[in-house]
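Asks: Dumping the structure here so I can ask a few things about it.
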Amino acid sequence: MKMDRKAHFFFAVSLPEEVKKELNNLCLTIKEKLPFQRWVHQEDYHITLAFLGVASEDKLKEATKLVFKQLNGQSSFPLHINQLGVFGKKDSPRIFWADTAKEEQLTKIRELVFSACLEAGFELETRAYKPHITLARKWTGSNPFEEYCLKQNNPFINAPLTFQAKEVVLYQTHIDRFPKYEKIAAYPLLEE
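The numbering of the sequence shown is this note's numbering, which starts it at 419 and goes up by one.
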């Protein structure tokens, strides 16, 4: 594993290529209506399970071993992207995201990964878990952000984008690259 000493690492559910393309097509059609400063590269779309931050190679190996042990026997599961939303100030949000309908198996997988990372010695974020796919960052509109824009531009309200979550991945962040996330290790979930 080639590591940058300042790189950050995280475990996430990866998305199938066709879902990434569909989300990217959405972003291309709404960029002018929703002016955010930085749009995420489609290869970087994912659902974070546990953000580790900077980590030693030994600690990462231990976390990966424990995560893969916890995931042994876990099945792939369906996810349904049905909502668009934002985090941050109501009039100038910092994150624009797509959300999935509540799925118990995603919550279970997240808990397994989270507990394995804690066992490996990582200090993890304690905020309530809000699974999402980041699409863009930092509102730059000349007018304040209006929440109704999300509903007006959401093609998934009546027809959710459905896919099978098939793997959990350890990613490394490369701030100076685009796309910026590199797959370091992957654990395939059992096919149903």
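The C-beta atom is built at its ideal place from N, Cα and C for all residues, glycine as well.
Going by DSSP in three states, residue 439 sits in which element: helix, strand or coil?
Replies: The answer is helix: DSSP assigns residue 439 an H, G or I state.
Asks: Less than 8 Å between the C-beta atoms of residue 441 and residue 463, yes or no?
Replies: Their beta carbons are under 8 Å apart, which means residue 441 touches residue 463 by this criterion.
Asks: In the DSSP assignment, the beta strand (DSSP E) including residue 512 goes from what residue to what residue?
Replies: Residues 511 to 518.
Asks: By how many angstroms is the C-alpha of residue 449 removed from the C-alpha of residue 459?
Replies: Straight-line Cα distance between these residues: approximately 13 Å.
Asks: Using only CA atoms, which one of 572, 428, 565 and 598 lies nearest to residue 473?
Replies: Closest by alpha carbon: 428.
Asks: In angstroms with no decimal places, state the Cα-to-Cα distance between residue 557 and residue 573.
Replies: When rounded, the distance between both Cα atoms is 21 Å.
Asks: Which one or two residues does DSSP pair with residue 506 in a beta bridge?
Replies: Beta-bridge pairing links residue 506 to 511.
Asks: Any chance the region 476 to 492 sits against the region 553 to 568, with 3 or more Cβ pairs inside 8 Å?
Replies: Cβ pair count under 8 Å is below three, so no.
Asks: Could you give the uninterrupted runs of the beta strand (DSSP E) lying entirely in the region 442 to 492, keeping only those of 3 residues or more?
Replies: Counting only runs of 3 or more, we get 454 to 457 and 464 to 471.
Asks: So what's residue 533 in DSSP terms, helix, strand or just coil?
Replies: Helix, per DSSP.
Asks: Pull up the distance between the alpha-carbon of residue 476 and that of residue 457, whole angstroms please.
Replies: Taking the straight line from one Cα to the other gives about 33 Å.
Asks: Less than 8 Å between the beta carbons of residue 502 and residue 518, yes or no?
Replies: No; because the gap between Cβ atoms is not below 8 Å, this pair is not in contact.
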